[in-house]
Amino acid sequence: MATRAELEAAMTRRHRYGTVVVVSTRETPMTDHEREAELQVLTSDECYRLLATQQIGRLGVNAEHYPLIFPVNYALEHDVIVLRMAPGTKLTAAQHANVAFEVDEIDQRTRSGWSVLVRGLAEEITPAHRAELVARTEGTGLTTWAPGEHGHWVRLIPQGISGRRIVPGRLPQPFEDAAYP
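Take 1 as the starting number for the sequence shown in UniProt numbering and just add one per residue.
Below, the structure is given as structure tokens:
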């Protein structure tokens with residue numbers, strides 16, 4: 001167990017990564033072989049900030065007796081996710097349903113990245129909704145990437161949001177030292 005002096009010394013060696021504070025309790029620095037990647041839990045504010053940096057996500061619905069995952073492009077309207085869809089399985093399965101929505105960014109070279117998962121209720125916006133809600137939804141300016149008619153607007157109202165970030169440790173050498181003459 002660490003002494004009070006050791007804990008106070010550790011508190012002076014803080015490193016900041018985004019909104020998460022990592023505190024080391026080691027007195028001696030880690031060797032290259034001891035340094036490992038770190039998994040950080042993100043706050044909901046950080047999750048929304050990261051969602052705002054991307055345009056492509058994955059929508060998870062239950063349909064045809066299976067959980068199905070669809071790539072979709074999206075926009076944010078405050079904390080609501082706005083999607084445009086063509087008629088079909090995805091739209092039918094998402095209508096007034098609990099869905100999952102996931103966005104991530106991965107850097108394979110550094111073995112780092114982040115992932116945000118939103119759980120919520122999807123609802124198609126139709127002319128039967130308040131004109132102000134229809135205008136706000138269409139005002140996101142979301143255009144679809146896929147060809148074809150995508151005239152159905154869907155809002156995903158978050159019920160929960162969570163995220164994780166992997167901060168790389170020291171990466172191993174790509175080749176053994178002996179491989180170089």
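Glycine residues also receive a C-beta, built at the ideal position from the N, C-alpha and C atoms.
Counted as a single uninterrupted DSSP element, the beta strand (DSSP E) harbouring A122 occupies residues S112 to I125.
If you look at A94, you'll find it in the alpha helix (DSSP H) that goes T89 to A94. In this structure, V99 sits near V61, with a CB-CB distance shorter than 8 Å. Using a 10 angstroms sphere on the CB of W153, the tally of other CB atoms reaches 16 or more, which defines it as buried.
The DSSP-derived three-state label of L142 is coil. In this structure A94 is in contact with A122, their Cβ atoms being roughly 4 Å apart against a cut-off of 8 Å. For S44, the CB contacts under 7 Å within the same chain, skipping 5 residues up- and downstream, are I161 in chain order.
Taken through DSSP and simplified to helix, strand or coil, E77 comes out as strand. Excluding its 5 nearest sequence neighbours in each direction, R111 has C-beta neighbours in its own chain below 8 Å: A37, I166, P168 and L171, listed in chain order. Annotation for A97: V61, N62, L121 and A122 place their beta carbon closer than 8 Å to its own, counting only its chain and skipping 5 residues before and after.
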